[in-house]
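*Asks:* Below is a structure I'd like to ask you about.
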Amino acid sequence: MSEIAYLALGSNLGNRAANLKAAIIKLHAHRQVQAVDQSQYYQTAPRFNTDQPQFLNAVLSISTDLSPLELLEFTSEIEVQAGRQKARVKNQPRTLDIDILTYGDEIISLKKLKIPHPGLAERRFVLEPWCEIAPEFRVAGTTMTIRNLLAACNDNSMAEVYLMDPVS
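Residue numbers (this note's numbering): 212 to 379.
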């Protein structure tokens, strides 16, 4: 049975827009993943380790027959194919980062996978693009919509729509 999942994508190394676009194409090429909606790209300052290039971020909604762990494995493969190397230190620059924000109404707490994503309420770079495509979505385990979470977010960093060159 298909579930709706929301994914956050980010890139701050190389051709950031091309990295996101390639990841989105690979996601949708999987026979058990169907596109539902996609935000625009947002340019954001790095939040936790500020000594690195700015990020491009986007949020996607997909319908999938993959289990949450299968989806995690698939998104991790896409990150590696994009040149992502697992850092020994958190919040380092990366060619591609894909986080599973939600998976249906599931609440999962495993060492390698936590759903809903534990930091989503404090991350404007996730909430801004998510609010664009699903402002009334309610996160499992809360009564808050994405619009409510964005309004209550204490992250004051900027998340601006990234206007790409029409030729790209």
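In this text, a Cβ means the ideal position worked out from N, Cα and C, and glycines have one as well.
None of the values given here were measured: they were computed from a predicted structure.
#1: Evaluate contact between the segment 311-329 and the segment 275-283, counting only Cβ atoms and requiring at least three cross-stretch pairs below 8 Å.
#2: Roughly how many angstroms separate the alpha carbons of residue 311 and residue 328, rounded to a whole number?
#3: What distance in whole Å lies between the Cβ atoms of residue 340 and residue 250, which are believed to be in contact at a cut-off of 8 Å?
#4: Under DSSP, the alpha helix (DSSP H) around residue 286 begins and ends at which residues?
#5: Kindly identify the DSSP beta-bridge partner or partners of residue 325.
#6: Take the Cβ of residue 352 as the centre, count every other Cβ of all protein chains shown within 10 Å, and call the residue buried at 16 or more, exposed below.
#7: How big is the Cα-Cα spacing for residue 347 and residue 358?
#8: Can you tell me which of 342, 307 and 315 puts its alpha carbon nearest to the alpha carbon of residue 228?
#9: Keeping to the same chain, check which residues put their C-beta closer than 6 Å to that of residue 335; ignore five residues upstream and five downstream.
*Replies:* Here's the rundown:
#1: yes
#2: 7 Å
#3: 3 Å
#4: 279-292
#5: 320
#6: exposed
#7: 6 Å
#8: 307
#9: 364, 366, 368 and 370
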